[in-house]
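Going by UniProt numbering, 48 is the number at position 48 of the sequence shown; the sequence numbering is gapless.
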Amino acid sequence: MAERANLVFHNKVIDGTAMKELISRLIDHFGMAYTSHILDQVKTLGFQQATATSISLGIEDLLTIPSKRWLVQDAEQQSFI
Numbered sequence: 001m002a003e004r005a006n007l008v009f010h011n012k013v014i015d016g017t018a019m020k021e022l023i024s025r026l027i028d029h030f031g032m033a034y035t036s037h038i039l040d041q042v043k044t045l046g047f048q049q050a051t052a053t054s055i056s057l058g059i060e061d062l063l064t065i066p067s068k069r070w071l072v073q074d075a076e077q078q079s080f081i
């Protein structure tokens, strides 16, 4: 494994250009194989965090407001004309 990099932690959103620069620095310091491993771990972590708080909705969860039922019926009738 390569020696410790002189990288500073930044807690901020980065754009594509900044991401390319960061990846370039990682490749220069750690090499392609280890950088690829790091990026795979970051991708996995991002996927886990994005799906950890997901919710599921069923049709029963999406109730219509009784006072608007006429609007739905009117739209259904117009779609058959």
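Glycine is no exception: its CB is placed at the ideal position from the N, C-alpha and C atoms.
Legend entry - Check whether ILE38 and LEU26 have beta carbons under 8 Å apart: yes
Legend entry - Alpha-carbon spacing of MET1 relative to GLY58, whole angstroms: Note that MET1 scores a pLDDT of 48, beneath 50, so its modelled location is shaky and nothing firm can be said.
Inset, instruction - Using three-state DSSP, classify MET1 as helix, strand or coil. - result: Per-residue confidence for MET1 stands at a pLDDT of 48, beneath the threshold of 50, marking its modelled position as unreliable; the derived number appears in the next sentence. It is coil, neither helix nor strand.
Legend entry - Whole-angstrom distance between THR51 and SER79, CA atom to CA atom: 37 Å
Legend entry - Cα-Cα separation between residue 82 and ASN11, rounded to whole angstroms: Shown here, the chain extends from 1 to 81; a query on residue 82 therefore has no answer.
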